[in-house]
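Undergrad: Under our numbering, the first residue of the sequence shown is numbered 1, with each subsequent residue one higher.
For each residue, glycine too, the CB sits at the ideal point set by N, CA and C.
Here the structure is a predicted model, which means the values were calculated and not measured.
Here's a structure for you.
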Amino acid sequence: MPDAIDPADTVAALALAVPGVAALHPGMFGEVGTYLPGRRVTGVRIRDDAVDVHITVWDTVPVRDTAAAVRDAVAAGLPGHTVNVTVEDVTDRL
Numbered sequence: 001m002p003d004a005i006d007p008a009d010t011v012a013a014l015a016l017a018v019p020g021v022a023a024l025h026p027g028m029f030g031e032v033g034t035y036l037p038g039r040r041v042t043g044v045r046i047r048d049d050a051v052d053v054h055i056t057v058w059d060t061v062p063v064r065d066t067a068a069a070v071r072d073a074v075a076a077g078l079p080g081h082t083v084n085v086t087v088e089d090v091t092d093r094l
């Protein structure tokens, strides 16, 4: 039987699939992430009732609209959680 996909991986994939999202961001001090066996999902923190997603967006997209699209995508993929999106950076390159 294949391993179950961790919700943090699902959230990361949903956020990165939104047009305009350049990357997930670890937070100002690297504090935002979910630790899994042998690895870390940067930019995603899941609590009992909420999900925090920290992102970097491209400078060619509307920041608020992109954040709202991430919130909607993650909320649809992880129902029952409040989704908090923080835009940590805007970039023209990675």
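1. Are residue 20 and residue 57 touching if we call contact CB-CB under 8 Å?
2. Measuring CA to CA, which of 26, 22 and 33 is closest to residue 7?
3. Can you determine whether any heavy atom of the ligand SAM sits closer than 7 Å to the C-beta of residue 77, and answer yes or no?
4. What does DSSP give as the partner residue(s) for residue 50 in the beta ladder?
5. According to DSSP, which residues form a beta bridge with residue 36?
TA: In terms of the structure at hand:
1. In the sequence shown, the residue the question calls residue 20 occupies position 20. In the sequence shown, the residue the question calls residue 57 occupies position 57. The answer is yes: Cβ separation under 8 Å.
2. As a working note, residue 7 is residue 7 in the sequence shown. Nearest of 26, 22 and 33 to residue 7, Cα basis: 33.
3. Among the components modelled here there is no ligand, and therefore nothing to report on the ligand SAM.
4. Reading the sequence shown from its first residue, position 50 is the one you call residue 50. Partner(s): 82.
5. Translated into the one-based positions of the sequence shown, residue 36 becomes position 36. Its beta-bridge partners are 39.
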